[in-house]
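2 protein chains.
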Amino acid sequence: MRMSEGVEWGLHCCVTLGWLDDRAPVSIRRLALWFDLPQEYLKKRLQALARAGILTSAPGVRGGWSLARPPEKITVMEVVAALEDGLDLFCCTEVRQKGAGGEGAAPSEFAKPCGISSVMRRAELAWRRELASHTVADLMERSPQGAERTRRNYLRMTG
Amino acid sequence: MRMSEGVEWGLHCCVTLGWLDDRAPVSIRRLALWFDLPQEYLKKRLQALARAGILTSAPGVRGGWSLARPPEKITVMEVVAALEDGLDLFCCTEVRQKGAGGEGAAPSEFAKPCGISSVMRRAELAWRRELASHTVADLMERSPQGAERTRRNYLRMTG
DNA sequence: GGGTCAGTACTCGGATATTGCATGTCCGAGTGTCCTCGG
DNA sequence: CCGAGGACACTCGGACATGCAATATCCGAGTACTGACCC
Chain L
1 MRMSEGVEWG
11 LHCCVTLGWL
21 DDRAPVSIRR
31 LALWFDLPQE
41 YLKKRLQALA
51 RAGILTSAPG
61 VRGGWSLARP
71 PEKITVMEVV
81 AALEDGLDLF
91 CCTEVRQKGA
101 GGEGAAPSEF
111 AKPCGISSVM
121 RRAELAWRRE
131 LASHTVADLM
141 ERSPQGAERT
151 RRNYLRMTG
Chain H
1 MRMSEGVEWG
11 LHCCVTLGWL
21 DDRAPVSIRR
31 LALWFDLPQE
41 YLKKRLQALA
51 RAGILTSAPG
61 VRGGWSLARP
71 PEKITVMEVV
81 AALEDGLDLF
91 CCTEVRQKGA
101 GGEGAAPSEF
111 AKPCGISSVM
121 RRAELAWRRE
131 LASHTVADLM
141 ERSPQGAERT
151 RRNYLRMTG
């Protein structure tokens, strides 16, 4: 179980778009060049972020991508959820009810989720809570050097 | 990103083996029948748990599987780690260093992990901590009805 | 000068490989238990 | 009655097939800006 690589890409794009806010929108070609990523696939991932209301895209020759909201209003959790289809880490298949082990049980016994499922859900909530407690703005602030370098390099790139 | 189904199987097997402690070892055939799972693949997953020192297997006609340790000494985290190859949820590929965006940076800038990686790691730690705080014994205690039904059904199965 | 029109550089969404991992199956070899049979 | 040996029911580990989701690429259509051209 590993997270999709697109999550890392998406988060870096969000942070970079935040840093380049005054220069937005940024075209997909430049973003792909920026991180040395496959352009078409990156575009697909960013489209997912647009569907989630995190990014917006502008068509046309001066078009490109920019944050749909101020970065302090975008949590890391939102980005992860948008890029992972909001799926749960753990998916209980109610194994306990199947086969010989589940025979002869009172129906009420399965009304509540099983202990395993509960523990998993608690752990997942802790994970989500942590992710939700950080925003793109937090990430931007964590690396002032990165912000500066980004602006400098982007200036050089666009001439 | 979804957890392998084998994790659910493994945990249910551990709990069931805990409940049936006095009747262990339990053969893979019975376990597979018990949960209506593919026998060969289940075996593979249990072998992984054996490698991690969580289960032991006994060969021979009265052989089968049993817990390698008392259930209060087996955390849910251990089972998950054993079945997921201990891989991290998030794997930083250092995208920030690649492409045009990373050019002209001081080497010292990349000495520390990037903010994204840090946030992910914190979240993952919260998840792990939660999983490590529960043991198989906890899970066993959560469902006294399940314990009783298991013993009853197993008795019927083995005659 | 201002309106029209084509060109350009982007976007989108859908369709289609390719890849890798989770899932699932099969087989040969090894080992402990039980049963049988001969002494 | 007891010990040797074979049958059996399990185990292990590796090899192989399948399915699906992540990754990657391509294409046709739409849209906004730019510049040229014409009235």
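Here the protein sequences line up with chains L and H, keeping their order.
What the first sequence shows, in this note's numbering, is residues 1 to 159, in sequence order.
What the second sequence shows, in this note's numbering, is residues 1 to 159, in sequence order.
Ideal placement from N, C-alpha and C gives every residue a C-beta, glycine not left out.
Note that this is a predicted model, so its numbers are computed, not measured.
{"Check": "H:E84 at chain L interface by Cβ criterion, 8 Å", "Outcome": "yes"}
{"Check": "Residues that L:W65 contacts on chain H, provided the C-beta gap is smaller than 9 Å", "Outcome": "What L:W65 touches in chain H: nothing, since even the nearest Cβ is about 15 Å away."}
{"Check": "Reduced DSSP secondary structure (H/G/I, E/B, other) of H:T135", "Outcome": "strand"}
{"Check": "Distance, H:G6 Cα to H:W34 Cα", "Outcome": "15 Å"}
{"Check": "Closest residue to L:A81 among L:E8, L:S57, L:K112 (Cα-Cα distance)", "Outcome": "L:E8"}
{"Check": "H:G102 versus L:G18, L:R2, L:E148, L:A48, residue with shortest Cα-Cα distance", "Outcome": "L:E148"}
{"Check": "Interface residues of the segment 18-47 of chain H facing chain L [CB-CB below 7 Å]", "Outcome": "L33, W34, F35, D36"}
{"Check": "Rounded straight-line distance, which links the Cα of H:G18 to that of H:S57", "Outcome": "14 Å"}
{"Check": "Range of the contiguous beta strand (DSSP E) that encloses H:L67", "Outcome": "64-67"}
{"Check": "Distance between L:G146 and H:P107 (C-alpha atoms, nearest Å)", "Outcome": "12 Å"}
{"Check": "Burial state of L:E72 (16 or more Cβ within 10 Å)", "Outcome": "exposed"}
{"Check": "Short CB-CB distance (under 8 Å) between H:E72 and chain L", "Outcome": "no"}
{"Check": "Within chain H, partners of L:R122 - CB distance below 7 Å", "Outcome": "E130"}
{"Check": "L:L55 and L:L42 closer than 8 Å at C-beta", "Outcome": "no"}
{"Check": "Through-space distance from H:A100 to H:T135, alpha-carbon basis", "Outcome": "48 Å"}
{"Check": "Interface flag, H:E8 vs chain L, CB-CB below 8 Å", "Outcome": "yes"}
{"Check": "Secondary structure, alpha helix (DSSP H): runs of 4+ residues fully inside the segment 90-159 of chain H", "Outcome": "115-132, 136-142, 144-158"}
{"Check": "Chain H within 8 Å of L:E103, Cβ atoms only", "Outcome": "yes"}
{"Check": "Beta-carbon proximity list for H:T29, same chain, < 8 Å, skipping 5 on both sides", "Outcome": "The sequence given here places Arg at residue 29 of chain H; Thr does not occur at that position. Q39."}
{"Check": "Under 9 Å from the C-beta of L:R51: neighbouring residues of chain H", "Outcome": "Correct list: empty, because the minimum Cβ distance to chain H is about 18 Å."}
{"Check": "Beta-carbon neighbours of L:V95, restricted to chain H and to distances below 7 Å", "Outcome": "E8, W9, H12, F35"}
{"Check": "Whole-Å CB distance - L:K112 paired with H:D36, under 8 Å assumed", "Outcome": "In fact, because the Cβ distance is near 21 Å, the residues do not count as touching under 8 Å."}
{"Check": "Per-residue contacts from L:R149 into chain H (C-beta, under 7 Å)", "Outcome": "G104, A105"}
{"Check": "L:V76 classed as buried or exposed, judged by whether at least 16 other C-beta atoms fall within 10 angstroms", "Outcome": "buried"}
{"Check": "Proximity below 8 Å, CB of H:L89 to CB of L:M120", "Outcome": "no"}
{"Check": "Sequence-distant residues of its chain with Cβ nearer than 8 Å to H:L83 (five each side left out)", "Outcome": "S4, G6, V7, G10, R45, A48, L49"}
{"Check": "Backbone CA spacing between L:S117 and H:V26 [nearest angstrom]", "Outcome": "24 Å"}
{"Check": "Residue range of the unbroken alpha helix (DSSP H) whose run includes H:A50", "Outcome": "39-51"}
{"Check": "Extent of the continuous alpha helix (DSSP H) run through H:L55", "Outcome": "Taken as a continuous stretch (DSSP letters only), H:L55 belongs to no alpha helix (DSSP H), being part of the beta strand (DSSP E) at 55-58."}
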